[in-house]
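Participant: Taking numbering that gives the first Met the number 0, the leading residue of the sequence shown gets 0, the next gets one more, and so forth.
Even for Gly, the Cβ is constructed at its ideal location relative to N, Cα and C.
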Amino acid sequence: MKDGKNIAVDFYRSLKDEKLPVILEMTPYGRSSLTNFRGEADFWYQNGYIFVIADVRGTGDSEGEFEIFANDGQDGYDLIEWIAKQSWSNGKVGMRGSSYSGTNQWYVAAKKPKNLFCITPDASVGKQFDCPPYNRAFSLEWALTWLGKSVNFKNESKEWKNPMA
């Protein structure tokens, strides 16, 4: 990323020397879970795409601190521009994902990366001003439930070490 942090990515592509369009998903749920993404990678490969899955900043194997959606727009922009320059990419990148991975597509699209050709958000946050991260305020109940059960924090237990209410 432009700020020097490394974002962990896996990419699934043919070993043939061909340039193809890319489908990108940025997830806090753990990119390395074959049960989550292996079927998707196979689907995209069989349909003429390269599939790239990235751990969002501060989750999985990515560096930095996880802040809900705070860095996703710029990180997504940087990832898309990096992908477009790779020898296996034809320069066209689309995004897909559900829930967090659906919502962060809106933040990336707002940055207007020139190589982003489409987004397909599913189950994304509907009202940006009623839900996180509006002024970084959110429902404590929602946040604790979601964070504690869903996000794959880097090298951390999902148990709260110093819970506060």
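Quick test of the definition: if touching needs 3 or more C-beta pairs under 8 Å, does the region 104-117 touch the region 69-77?
Facilitator: Yes, the region 104-117 is in contact with the region 69-77.
Participant: Are the region 114-124 and the region 39-57 in contact at 8 Å, needing three or more beta carbon pairs?
Facilitator: no
Participant: Answer with buried or exposed for Trp2, where buried requires no fewer than 16 other C-beta atoms within 10 angstroms of its C-beta.
Facilitator: Here residue 2 turns out to be Asp, not Trp, going by the sequence shown. With fewer than 16 Cβ atoms within 10 Å of its Cβ, Asp2 is classed as exposed.
Participant: On the premise that Arg95 lies in contact with Ala17, defined as a C-beta separation below 8 Å, what is that separation, rounded to the nearest angstrom?
Facilitator: Per the sequence shown, residue 17 should be read as Glu rather than Ala. Actually they are not in contact, since the Cβ atoms of Glu17 and Arg95 sit about 21 Å apart, beyond 8 Å.
Participant: Report the residue ranges of all alpha helix (DSSP H) runs contained in full by the region 51-121; include only those spanning at least 4 residues, in chain order.
Facilitator: Unbroken alpha helix (DSSP H) stretches of 4 residues or longer found wholly inside the region 51-121: 71-83, 99-109, given in chain order.
Participant: What do you reckon, are the CB atoms on Thr26 and Val8 nearer than 8 Å?
Facilitator: No.
Participant: If you reduce the DSSP assignment to three classes, tell me which class Tyr44 lands in.
Facilitator: Three-state DSSP puts Tyr44 in a helix.
Participant: Less than 8 Å between the C-beta atoms of Ser61 and Asn5, yes or no?
Facilitator: yes
Participant: Please classify Asp77 as buried or exposed, where buried requires at least 16 neighbouring CB atoms within 10 angstroms.
Facilitator: buried
Participant: Cutting at 8 Å between CB atoms, please list the residues of its own chain near Lys15, excluding the five before and the five after it.
Facilitator: none
Participant: Might you give, ordered along the chain, the residues of its own chain that have their beta carbon closer than 7 Å to the beta carbon of Met0, omitting 5 neighbours on each side?
Facilitator: Ile6, Asp74, Asp77
Participant: Between the alpha carbons of Gly47 and Pro20, how many angstroms are there, rounded?
Facilitator: 8 Å
Participant: Name, in chain order, the residues that DSSP records as bridge partners for Leu19.
Facilitator: Ser88
Participant: Distance check for Trp81 and Arg12, CA to CA, integer angstroms please.
Facilitator: 16 Å
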